[in-house]
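Heads up, the thing below is written out as structure tokens.
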DNA sequence: AGAACACGCATCACTACTGTTGCAAGTTAA
DNA sequence: TTAACTTGCAACAGTAGTGATGCGTGTTCT
């Protein structure tokens with residue numbers, strides 16, 4: 004009954020786009036990031052304009068506004084995942100991994116402010132990756148505690164939340180050079196570990 | 004020329020509202036806070052429904068959506084200001100003031116999540132109060148550094164940003180009892196001062 | 001070269017939200 | 001009690017954003 008489609012993947016193969024169409028999709032996503040990071044509710048028209056395409060083209064590539072936002076989130080989330088994994092968070096020494104993850108993630112957060120928006124998208128794929136990264140973070144924190152980097156009685160969930168908050172705050176500075184990112188990452192890790200106060204009274 | 008209005012304040016006296024109208028205004032503001040803290044772009048209809056009034060009544064009391072949001076921000080900002088000032092941030096010992104301010108502000112942030120939204124409203128009055136509180140925070144931090152609570156070389160601006168971020172994060176827990184608020188405030192201050200790491204190697 | 005695809009443009013239909021008005025019925029305050 | 005005020009209701013106008021369609025022209029791929 005079904006036409007003899009050669010090697011069709013399981014349910015629905017979304018068709019390969021032509022080269023120029025693929026380029027347009029990327030252009031739109033980048034424009035969307037730029038526009039939405041400033042005006043999260045900006046109309047599609049504005050995104051199309053920023054991308055240098057007609058509004059109808061945006062609708063051709065993304066069925067709805069929601070679809071566009073979801074695609075953008077998915078794209079940014081992918082970068083996020085790569086940023087974390089490339090720091091070898093499960094194998095590198097905790098102090099090194101902590102710093103490396105921070106710097107990598109900062110770069111992504113700055114470039115994909117909207118796509119990375121703390122909004123936990125309901126798209127299952129995006130949620131999955133975020134949960135995965137979160138678990139990785141927890142493992143890294145547990146190792147950090149085990150090697151004596153964190154206090155033995157540290158509340159790791161609170162620690163993770165603080166860490167996320169510090170990264171978010173640091174990303175607000177939008178560092179534009181690698182040196183600036185590195186300095187900022189150092190500051191984040193330093194603050195996470197020791198705060199901004201003087202050392203507590205030596206424990207007898 | 005002007006009618007003989009007894010004791011009129013300078014430019015425009017906005018007329019005292021009748022008792023029931025005043026009550027309605029408060030009811031609407033509270034409902035708006037509840038609704039908008041969950042759905043920041045919820046339509047006026049939804050706010051009216053939550054307040055138990057007709058949509059037209061909301062429009063009667065607040066000329067536009069923007070006016071409502073501004074009024075809500077102003078209201079919350081007032082509470083914010085009181086929360087900070089009542090902790091005597093300029094006179095109490097820094098350690099005490101820091102803790103007291105944190106606890107007070109946490110209570111306000113939890114109750115007025117939307118009104119306190121980090122959105123720096125363009126309303127001059129709101130902006131003024133926020134700037135004032137920020138200056139107070141900076142003074143408190145300077146005192147904290149001078150008494151040796153903060154490191155002498157601490158970057159106070161970064162410190163303030165970290166402090167704000169920690170409060171924001173803590174408020175996300177929405178503590179519902181005074182004990183919970185106090186515990187959370189303690190945790191925020193402790194983290195601000197010492198992070199979650201072990202003490203750095205004793206300086207020789 | 002030619003078929004398939006992609007884009008811009010003009011146009012339309014549809015929906016959701018905003019803001020207004022007039023009036024009848026209820027509430028407040030003197 | 002009575003005059004002024006407030007509310008709900010119903011109806012309306014206006015706007016902005018979304019999403020779809022058809023066609024002529026340009027682009028890609030084979």
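Residue numbers (my numbering), protein chains in the order written: chain A, 4 to 207; chain P, 4 to 207.
Glycine is no exception: its CB is placed at the ideal position from the N, C-alpha and C atoms.
Just checking: is the beta-carbon of residue 162 (chain P) within a distance shorter than 8 Å of some beta-carbon in chain A? Yes, contact with chain A.
Would you say residue 50 (chain P) reaches chain A, if we count a Cβ-Cβ gap shorter than 8 Å as a contact? Residue contact with chain A for residue 50 (chain P): absent (no Cβ-Cβ distance below 8 Å to any residue of chain A).
Nearest CA to the CA of residue 107 (chain P): which residue from P:27, P:192, P:162, P:128? P:192
So residue 153 (chain A) contacts chain P; which residues on that side make the cut at Cβ distance below 8 Å? 199, 200, 201
Taking buried to mean at least 16 other C-beta atoms within 10 Å of its own C-beta, is residue 97 (chain P) buried or exposed? buried
Could you tell me whether any non-hydrogen atom of the ligand FMN is closer than 7 Å to the CB of residue 90 (chain P)? Annotation note on the ligand FMN: not contained in the displayed structure, which lists no ligands.
Interface residues of the stretch 129–148 of chain A facing chain P [CB-CB below 7 Å]: none
Please report the residue range of the alpha helix (DSSP H) in which residue 137 (chain A) lies. 127–149
For residue 153 (chain A), write down the residues that DSSP places opposite it in a beta bridge. Answer by DSSP bridge pairing, in chain order: P:200.
Should the stretch 75–82 of chain P be called in touch with the stretch 53–64 of chain P, which here means at least 3 C-beta pairs below 8 Å? no
Same chain, Cβ closer than 7 Å to residue 105 (chain A), neighbours up to 5 away in sequence not counted: 170, 188, 191, 192
Could you tell me which chain A residues have their CB closer than 9 Å to the CB of residue 168 (chain P), listed as they occur along the chain? Near residue 168 (chain P) (Cβ distances below 9 Å), the residues of chain A are 165, 168, 169, 171, 172.
Does DSSP put residue 41 (chain P) in a helix, a strand or coil? coil
Exposure of residue 92 (chain A), with buried meaning 16 or more beta-carbon neighbours within 10 Å: buried
Rounded straight-line distance, which links the Cα of residue 137 (chain A) to that of residue 130 (chain A): 10 Å
So, helix, strand or coil for residue 93 (chain P), using DSSP? If DSSP states are grouped into helix, strand and coil, residue 93 (chain P) belongs with coil.
Exposure of residue 143 (chain P), with buried meaning 16 or more beta-carbon neighbours within 10 Å: buried
Say whether chain P places a C-beta atom closer than 8 Å to the C-beta of residue 209 (chain A). Any property of residue 209 (chain A) remains undetermined from this structure, which presents chain A solely from 4 to 207.
When DSSP labels each residue in this structure, what does residue 124 (chain A) get in the three-state scheme? Look at residue 124 (chain A) here: in three-state DSSP terms it is coil, with no helix or strand label.
Please list, in chain order, all residues of the same chain as residue 30 (chain P) whose beta carbon is under 6 Å from its beta carbon, the five residues on each side excluded. 54
Could you tell me which whole alpha helix (DSSP H) segments of length 4 or greater appear in the stretch 53–114 of chain A? 58–64, 68–88, 97–114
If you check the beta carbons only, do residue 151 (chain P) and residue 201 (chain A) fall under 8 Å apart? yes
Candidates A:51, A:63, A:40: which alpha carbon is nearest residue 177 (chain A)'s? A:40
Kindly indicate which three-state DSSP category residue 187 (chain A) falls into: helix, strand or coil? DSSP places residue 187 (chain A) in helix when its eight states are reduced to three.
What would DSSP say about residue 21 (chain A), mapped onto helix, strand or coil? coil
Excluding five sequence neighbours on each side, which residues of the same chain lie with their C-beta closer than 8 Å to the C-beta of residue 145 (chain P)? 159
Chain P contacts made by the stretch 31–48 of chain A, where a contact means CB separation under 9 Å: Within the stretch 31–48 of chain A, the residues whose Cβ lies closer than 9 Å to some Cβ of chain P are 44, listed in chain order.
Would you grab the beta carbon distance between residue 111 (chain P) and residue 86 (chain P) for me? Rounded to a whole angstrom, and I think it's under 8 Å. 5 Å
Give the interface partners of residue 106 (chain P) over in chain A, defined as CB-CB distance under 8 Å, in chain order. Neighbours of residue 106 (chain P) on chain A: none; closest Cβ ~17 Å, over 8 Å.
At the level of alpha carbons, what is the spacing between residue 34 (chain A) and residue 167 (chain A)? Counting only the Cα atoms, residue 167 (chain A) lies some 26 Å from residue 34 (chain A).
In angstroms with no decimal places, state the Cα-to-Cα distance between residue 25 (chain P) and residue 165 (chain P). 39 Å
Distance cutoff 8 Å, beta carbons only. Does residue 186 (chain A) sit that close to anything in chain P? no
Step through the CB atoms of chain A and report whether any lies within less than 8 Å of the CB of residue 116 (chain P). no
In its own chain, which residues sit with a C-beta less than 6 Å from the C-beta of residue 20 (chain P), not counting the 5 before and 5 after it? Taking C-beta separations shorter than 6 Å and ignoring five residues to either side along the sequence, residue 20 (chain P) has no partners in its chain.
Would you mind giving the Cβ-Cβ distance between residue 196 (chain A) and residue 198 (chain P), rounded to the nearest angstrom? I have them listed as a contact below 8 Å. 5 Å
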